[in-house]
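Here is the structure we will look at, set down as structure tokens.
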Amino acid sequence: MKTRLTLFALAATLLTGCAHGPMDDGPEVAPPAAWSLAGGDVTPDWAGLLDPTLAELQDRALKANRDIAQASLRWQQARLLQEQSELRWMPSAGLNLSASRPLESEGGSRNIDVGGGVLVPVTTSTGWRRSYGASVGLNYELDLWDRLAQGQAAQRARTEAARTDIDTARLSIRSQVADAYWSLAALRALRPLIEAQLAITRETLELTRIRVREGKLLPIEVDKIAVTVQQAENRLADNAADSLLQRQRLALMLAEPLPGPAPDAVLPDAEPPRWRLADPADVLARRPDVQRARLNVDAALATLRVREAERYPQLSFSGSLGGGGAHVRDWLANPAISLGANLAIPLIDWQRLALQRDGARSDLELAALALRDTLHKAQADIESQHIETQRLAQQLAANASRLREATETERLAALRYEVGAVARADWLQLRSAQLDAQQARIQLRLRQWQVQAQLFKALGGA
8 MKTRLTLFAL
18 AATLLTGCAH
28 GPMDDGPEVA
38 PPAAWSLAGG
48 DVTPDWAGLL
58 DPTLAELQDR
68 ALKANRDIAQ
78 ASLRWQQARL
88 LQEQSELRWM
98 PSAGLNLSAS
108 RPLESEGGSR
118 NIDVGGGVLV
128 PVTTSTGWRR
138 SYGASVGLNY
148 ELDLWDRLAQ
158 GQAAQRARTE
168 AARTDIDTAR
178 LSIRSQVADA
188 YWSLAALRAL
198 RPLIEAQLAI
208 TRETLELTRI
218 RVREGKLLPI
228 EVDKIAVTVQ
238 QAENRLADNA
248 ADSLLQRQRL
258 ALMLAEPLPG
268 PAPDAVLPDA
278 EPPRWRLADP
288 ADVLARRPDV
298 QRARLNVDAA
308 LATLRVREAE
318 RYPQLSFSGS
328 LGGGGAHVRD
338 WLANPAISLG
348 ANLAIPLIDW
358 QRLALQRDGA
368 RSDLELAALA
378 LRDTLHKAQA
388 DIESQHIETQ
398 RLAQQLAANA
408 SRLREATETE
418 RLAALRYEVG
428 AVARADWLQL
438 RSAQLDAQQA
448 RIQLRLRQWQ
458 VQAQLFKALG
468 GA
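In terms of the working numbering, the sequence shown is residues 8 to 469.
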């Protein structure tokens, strides 16, 4: 017995010295060195984008949204799995209780002389004999080659990856609420302009009919103005329908009944702030999708190390203490103690283990490619939003020039109409052009703030 224990101890010592087995290094993915476009001078922050009504809607959405709640539950499930994996570090214990009795009672037989030399066999019984026993055992596996530690690291990475889904959902909900709110504000600002333009086109249609009857215009001009009236009516109907759709979007994000809230939304009249972008490495590291991709690489790398360690010997120890007997006093009188060590060397199953290792290596390569792809797409997303911001700024500048000219032309035409220098139809046409420029300005301003919200989301938040 001493010789066996000595051999097991020697094997454990040798294997422990090699506990840091072969490890594969994870892939390195370098972020871009700098942005291709220059930024502004303001740190990205929602505070510069929100009015009190929008801030209140975002807070309600963050508390009530079902997507965020589902992501939180998935994170809790991942945490439970992580806690289960941590239990593998603890020794496992077991308790066994047993009781037995024979199927036949114990007894004996003897012959009794009944006289005259006649012997009669007589059987005697001693009754049932019962036996009870109990034992407790303890098992512990030595973490050779960091197999258990790497398994725990893989589960920890999966848990953190599940947590990033919460951040992704929160960023998405905040951006979508802002988009729906500003869309409602723009639709609200556009409605009186569309109604005014519809009234102008209807009046222009009546004036055109009069001029056609007078022979001053061809009949085809009536058809042209009628098409303009129909277009204005369609825009008014689209405005009402789009308002209901945006309210439904808010209702879904707020988990409220349809048709949804109707806030007094106001579209900011000023341009959004020009944000200063930090180093690409810092910006990309804040994005939840990049964090998840990196954690997936960590989990795949840890899993590969687990599969590699499974190809090497595993050492575990066990011990048990037991006792038994017909009476309780016999349990302590005859205790049974056993100690054991088990060294498992995978000699026969090596092909399956090698295939599992190769599969884990393929998973790591896929995760690394996904990380590179996520980084490149994230960079392109930020650059695209930045480019769109600059383009909208240029379009707004051009629209401002057009609006000034249309306003001045309409003012002069109104003065000339008052003195009878121009016809009313001509003045109404210039007034309609001014309304077109005003509507284009609102739509460009809306698009500008929508892009700003998307840029904040692309930057991973503040």
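Note that CB positions come from ideal geometry on N, CA and C, so glycine has one too.
Pairwise C-alpha distance: residue j and residue i
| i | j | result |
| --- | --- | --- |
| E228 | E210 | 14 Å |
| D172 | N303 | 13 Å |
| A292 | L212 | 60 Å |
| Q321 | L56 | 59 Å |
| G468 | A307 | 27 Å |
| L466 | A185 | 16 Å |
| R86 | E278 | 44 Å |
| K464 | K70 | 19 Å |
| S92 | L259 | 37 Å |
| D249 | A387 | 30 Å |
| Q461 | Q358 | 50 Å |
| A484 | D245 | Past the edges of the chain, shown from 8 to 469, lies residue 484, and the structure says nothing about it. |
| E63 | V49 | 24 Å |
| Q159 | I344 | 33 Å |
| L371 | R198 | 55 Å |
| S179 | Q84 | 22 Å |
| R67 | P59 | 12 Å |
| H393 | R452 | 16 Å |
| S327 | E90 | 27 Å |
| A430 | L437 | 11 Å |
| V470 | L225 | The question about residue 470 has no answer here: the residues shown for the chain are numbered 8 through 469. |
| A41 | L88 | 40 Å |
| N146 | R314 | 23 Å |
Beta-carbon spacing of residue i, residue j below 8 Å
| i | j | result |
| --- | --- | --- |
| G144 | S369 | no |
| A239 | L205 | yes |
| A262 | N72 | yes |
| A444 | R398 | no |
| Q157 | A316 | yes |
| T208 | S391 | no |
| Q298 | R181 | no |
| A447 | W434 | no |
| T215 | I232 | yes |
| R283 | G267 | no |
| A377 | A161 | no |
| S457 | L403 | The sequence as given places Gln at residue 457; Ser does not occur at that position. No. |
| R195 | A272 | yes |
| A192 | L274 | yes |
| S323 | E148 | yes |
| A169 | R312 | no |
| R318 | R364 | yes |
| D289 | T175 | no |
Buried or exposed (CB count within 10 angstroms, at least 16 for buried), residue i
| i | result |
| --- | --- |
| I352 | exposed |
| E417 | buried |
| I217 | exposed |
| G427 | exposed |
| G222 | exposed |
| A374 | buried |
| P29 | With a pLDDT of only 45 at P29, under 50, the local geometry of the prediction cannot be trusted, and the value read off the model is given with reservation. Flag for P29 reads exposed. |
| L442 | buried |
| S190 | buried |
As assigned by DSSP and simplified to three states, the class of residue i
| i | result |
| --- | --- |
| L57 | coil |
| Y319 | coil |
| G326 | strand |
| R452 | helix |
| I1 | Summary: the structure shown does not reach residue 1, with the chain confined to residues 8 through 469, and so no result is reported for it. |
| E148 | strand |
| S391 | helix |
| V429 | coil |
| R294 | coil |
| V236 | helix |
| W42 | coil |
| N246 | helix |
| G366 | helix |
| L302 | helix |
| A176 | helix |
| L274 | coil |
| N72 | coil |
| P199 | helix |
| P287 | helix |
| L466 | coil |
| K384 | helix |
Identified DSSP bridge partners for residue i
| i | result |
| --- | --- |
| W282 | V49 |
| A405 | For A405, which the question treats as bridged, DSSP gives no partner whatsoever. |
| A343 | G329 |
| A348 | F324 |
Short CB-CB distance (under 8 Å) between residue i and chain D
| i | result |
| --- | --- |
| A432 | Absent from the structure is chain D; it holds one protein chain and no more. |
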